[in-house]
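Report on the structure given below.
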Amino acid sequence: MMETDPTEKTDKPKTSGSVKIEWNWDFDDLRYEMKSIKAGDREYTLGEEGRFRLKGRCRRCWGGLIGKGGAEHIPTAIRCRVCGILLEGSDAREEYQRMSDQNTWNTLNMALGFPLKYRDDATFVTKIFPHIDRQSEEDLRKRVSVGASKGTKKCWLTRSSFPTGSAGFLFLQARALMSGVERLPRELSVARFPDFDMHDDGSATVYLSKEELSEHSTTSEYEMMKRLGSTMTIAMMSAFACELAMKAIRLTRMDEARKSHDLWQLYRDLPPDSRERIEEDFPEVDSVLKSARHTFDKWRYFEANVGGRGMGAMIDTDRAFALAKAARVLLDEAEMVGLGYSVKVEATRKVTKIGDRQNVHIKHHLSTTGSEAPPR
Numbered sequence: 035m036m037e038t039d040p041t042e043k044t045d046k047p048k049t050s051g052s053v054k055i056e057w058n059w060d061f062d063d064l065r066y067e068m069k070s071i072k073a074g075d076r077e078y079t080l081g082e083e084g085r086f087r088l089k090g091r092c093r094r095c096w097g098g099l100i101g102k103g104g105a106e107h108i109p110t111a112i113r114c115r116v117c118g119i120l121l122e123g124s125d126a127r128e129e130y131q132r133m134s135d136q137n138t139w140n141t142l143n144m145a146l147g148f149p150l151k152y153r154d155d156a157t158f159v160t161k162i163f164p165h166i167d168r169q170s171e172e173d174l175r176k177r178v179s180v181g182a183s184k185g186t187k188k189c190w191l192t193r194s195s196f197p198t199g200s201a202g203f204l205f206l207q208a209r210a211l212m213s214g215v216e217r218l219p220r221e222l223s224v225a226r227f228p229d230f231d232m233h234d235d236g237s238a239t240v241y242l243s244k245e246e247l248s249e250h251s252t253t254s255e256y257e258m259m260k261r262l263g264s265t266m267t268i269a270m271m272s273a274f275a276c277e278l279a280m281k282a283i284r285l286t287r288m289d290e291a292r293k294s295h296d297l298w299q300l301y302r303d304l305p306p307d308s309r310e311r312i313e314e315d316f317p318e319v320d321s322v323l324k325s326a327r328h329t330f331d332k333w334r335y336f337e338a339n340v341g342g343r344g345m346g347a348m349i350d351t352d353r354a355f356a357l358a359k360a361a362r363v364l365l366d367e368a369e370m371v372g373l374g375y376s377v378k379v380e381a382t383r384k385v386t387k388i389g390d391r392q393n394v395h396i397k398h399h400l401s402t403t404g405s406e407a408p409p410r
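When we follow my numbering, the leftmost residue of the sequence shown carries the number 35, and every step to the right adds one.
The following block contains the structure:
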């Protein structure tokens, strides 16, 4: 597969003594309220359905969006945080207008109980997180207590070992894994395609950096192993995040989850309405999880009987990125059904003097909580 990744990881302005914030839009922090909506000659009153949150998403990888914009609230650039797709100028403004128009129609679809639709040619979309009536904490505790009283169930995770709020920790773990995946280089192929220029006579000039020539005696193998490791890590961690997210969804909705690593089986266990929303965002998710169902179950060990097949699957970049997209869509659904968490950081500092020198020792303490607020 040719390497055509548009990722641009460095946007830091070159300033001295100051910080300049250029990407001043966060498309994960949008709120929306619409009392009514017109469609043709009819006007629909939305009520609670007209209050919701929006998050910008990239159709390619389902990554979050950031943007640049002025006081007129029209972006001058939009970029995906994950894969780096970038639209600027008139392209960004036109895409933002198309996103807004699509969001209006999806608001109507949501109010009427129809599936949400995204444009086939969309680069970016807005994901709707509607207002949902939630179970109270007291009702949830009672429900979980009833589930826990039923005891354990062979081959299933139950509320006897997952008390109230604990599904939120699975959500937190999956979110943390995918945040780590986003920091990995997005290599579109295991073998590096060098930069080159083709000439009219059919010859080519290949460009190699001096680092590539001097970094290691077997640079090509060294570079390939780094790319292999990056791709395998993306595939493994994304598969595990998919598993955690689906178990969290199933626990908070139905108080039990299958004790399995089989991604496709876990997906088929999800409530029908959750699967419907997931497939609206990622229509191919069923086939992706089915084809990669054993990624964390069998292929992680490279046993002799699946070694070649498992290795080939683990270094398939298309499969790895599809799993990562599936994980991000599943995390959105986990948030939709009311899973949450909080992470607090406290720090202590100790300064000691040794002659003219000062040693500063800073220790951080993390405390986490999980939460659940499933629909009524």
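All residues carry an ideal CB built from backbone N, CA and C; glycine is no exception.
What separation, rounded to the nearest whole angstrom, lies between the Cα atoms of L32 and S70?
Look at the range of the chain in this structure, 35 to 410, and you will see that residue 32 is not part of it.
What do you reckon, are the CB atoms on M306 and R287 nearer than 7 Å?
Within the sequence shown, numbered from 1, the residue matching residue 306 stands at position 272. Within the sequence shown, numbered from 1, the residue matching residue 287 stands at position 253. Strictly speaking, residue 306 in this sequence is Pro, with Met absent from that position. No. Outside cutoff.
Just to confirm, is the Cβ distance from R284 to A326 under 7 Å?
Here residue 284 refers to the residue found at position 250 when the sequence shown is read from its first residue. Here residue 326 refers to the residue found at position 292 when the sequence shown is read from its first residue. No. Outside cutoff.
Which partner residues of E172 appear in the DSSP bridge assignment?
Here the question's residue 172 lines up with position 138 in the sequence shown. For E172, which the question treats as bridged, DSSP gives no partner whatsoever.
Does the beta-carbon distance from L218 to T198 come in below 7 Å?
As a working mapping, residue 218 is identified with position 184 in the sequence shown. As a working mapping, residue 198 is identified with position 164 in the sequence shown. Not a contact, by the Cβ cut-off of 7 Å.
Cα separation between E171 and S124?
Indexing the sequence shown from 1 puts residue 171 at position 137. Indexing the sequence shown from 1 puts residue 124 at position 90. Between E171 and S124, the C-alpha separation is close to 48 Å.
When you compare only the Cα positions, how much space is there between T44 and R220?
In the sequence shown, residue 44 corresponds to position 10, counting from 1. In the sequence shown, residue 220 corresponds to position 186, counting from 1. Any reading at T44 must be qualified, since the residue scores a pLDDT of 48, below 50, and its modelled position is unreliable; the value itself is stated next. Answer to the nearest angstrom: the Cα atoms are 14 Å apart.
Taking 7 Å as the limit between beta carbons, can you name the residues of its chain near R295, skipping five residues before and five after?
Counted from its first residue, the sequence shown places residue 295 at position 261. Per the sequence shown, residue 295 should be read as His rather than Arg. Correct list, in chain order: E277, F330, D331.
Considering P411, what are the terminal residues of the beta strand (DSSP E) in which it resides?
Residue 411 lies beyond the residue range present for the chain, which begins at 35 and ends at 410; the question has no answer from this structure.
Looking at chain D, is there any beta carbon in it that lies within less than 7 Å of the beta carbon of H233?
Annotation note: the requested chain D is absent from the structure, which comprises a single protein chain.
What is the rounded straight-line gap between the Cα of V385 and the Cα of H395?
Position 351 of the sequence shown, counted from the start, is the residue given in the question as residue 385. Position 361 of the sequence shown, counted from the start, is the residue given in the question as residue 395. Distance between the alpha carbons of V385 and H395: 6 Å.
What are the boundary residues of the beta strand (DSSP E) that R309 is part of?
In the sequence shown, counting from the first residue as 1, residue 309 sits at position 275. Segment 306 to 315 is the alpha helix (DSSP H) holding R309; no beta strand (DSSP E) there.
Does DSSP put T41 in a helix, a strand or coil?
Here residue 41 refers to the residue found at position 7 when the sequence shown is read from its first residue. Any reading at T41 must be qualified, since the residue scores a pLDDT of 49, below 50, and its modelled position is unreliable; no value is offered.
Three-state secondary structure (DSSP) at L191?
Residue mapping note: residue 191 aligns to position 157 of the sequence shown, counting from 1. Strand.
Does DSSP classify I112 as helix, strand or coil?
The count along the sequence shown starts at 1 and reaches residue 112 at position 78. I112: strand per DSSP, three-state reduction.
Whole angstroms are fine: how far does the CA of A208 sit from the CA of F163?
Here residue 163 refers to the residue found at position 129 when the sequence shown is read from its first residue. Here residue 208 refers to the residue found at position 174 when the sequence shown is read from its first residue. Cα to Cα, the separation comes out at about 19 Å.
Is A291 helix, strand or coil when you go by DSSP?
In the sequence shown, the residue the question calls residue 291 occupies position 257. Of the three classes helix, strand and coil, the one that applies to A291 here is strand, per DSSP.
Using the C-alpha atoms, what's the distance from E255 back to S264?
Counting from 1 along the sequence shown, the entry for residue 264 is found at position 230. Counting from 1 along the sequence shown, the entry for residue 255 is found at position 221. Approximately 14 Å, taken between the alpha carbons.
Is the CB-CB distance between L204 and Y375 below 7 Å?
As a position in the sequence shown, residue 204 is number 170, starting the count at 1. As a position in the sequence shown, residue 375 is number 341, starting the count at 1. Their beta carbons are not under 7 Å apart, which means L204 does not touch Y375 by this criterion.
Determine the DSSP secondary structure at C117, reduced to helix, strand or coil.
Here residue 117 refers to the residue found at position 83 when the sequence shown is read from its first residue. DSSP places C117 in coil when its eight states are reduced to three.
Within the chosen definition, does the segment 312 to 327 reach the segment 351 to 366 through at least 3 CB pairs nearer than 8 Å?
Cβ pair count under 8 Å is three or more, so yes.
What would DSSP say about R411, mapped onto helix, strand or coil?
Since the displayed the chain opens at 35 and closes at 410, residue 411 lies outside it and no answer follows.
Quick check on the DSSP output: the alpha helix (DSSP H) that includes K324 runs from which residue to which?
Position 290 of the sequence shown holds residue 324. It spans 319 to 325 - the alpha helix (DSSP H) in which K324 sits, taken as one unbroken run.
Is there contact between the segment 107 to 126 and the segment 174 to 184, where contact requires at least three CB pairs shorter than 8 Å?
No contact exists between the segment 107 to 126 and the segment 174 to 184.
Pick from W96, T402, N137, K378: whose alpha carbon is nearest that of R65?
By one-based count along the sequence shown, residue 65 stands at place 31. With distances taken between Cα atoms, R65 lies closest to N137.
Name the DSSP beta bridge partners of W59, please?
For this step, residue 59 is matched to residue 25 along the sequence shown. G101.
What's the call for L146, buried or exposed, on a 16-neighbour Cβ count within 10 Å?
Position 112 of the sequence shown, counted from the first residue, corresponds to residue 146. Exposed, because fewer than 16 other Cβ atoms sit within 10 Å of the Cβ of L146.
Mark P408 as exposed unless 16 or more other C-beta atoms lie within 10 angstroms of its C-beta, in which case mark it buried.
Mapped onto the sequence shown, residue 408 falls at position 374. Result: buried.
Between the C-alpha atoms of V379 and H398, what's the straight-line distance to the nearest angstrom?
As a position in the sequence shown, residue 379 is number 345, starting the count at 1. As a position in the sequence shown, residue 398 is number 364, starting the count at 1. When rounded, the distance between both Cα atoms is 7 Å.
Taking the alpha helix (DSSP H) that F205 falls in, what are its first and last residues?
For the purposes of this step, residue 205 is taken as residue 171 along the sequence shown, with counting starting at 1. Note, F205: alpha helix (DSSP H), 201 to 216.
Is it true that the CB of R193 sits closer than 7 Å to the CB of D303?
For this step, residue 303 is matched to residue 269 along the sequence shown. For this step, residue 193 is matched to residue 159 along the sequence shown. Going by C-beta atoms, D303 is not nearer than 7 Å to R193.
Checking the sheet assignment: what are the DSSP bridge partners for A238?
Position 204 of the sequence shown holds residue 238. M232, per the DSSP bridge assignment.
Name the one or two DSSP bridge partners that Y375 has.
For the purposes of this step, residue 375 is taken as the residue at position 341 of the sequence shown. According to DSSP, Y375 bridges with G404.
Starting from the Cα of R140, find the closest Cα among D155, F86, L373, R410 and give me that residue.
Your numbering for residue 140 matches position 106 in the sequence shown. Residue identity check: residue 140 is Asn in the sequence provided, not Arg. Here the closest residue by C-alpha is F86.
Among L373, T382, K387, which has the Cα closest to the Cα of Q169?
Against the sequence shown, residue 169 aligns to sequence position 135. Per the Cα distances, L373.
From D154 to K89, what does the alpha carbon distance come to, in whole angstroms?
Position 120 of the sequence shown, counted from the start, is the residue given in the question as residue 154. Position 55 of the sequence shown, counted from the start, is the residue given in the question as residue 89. Spanning the two alpha carbons is a distance of roughly 19 Å.
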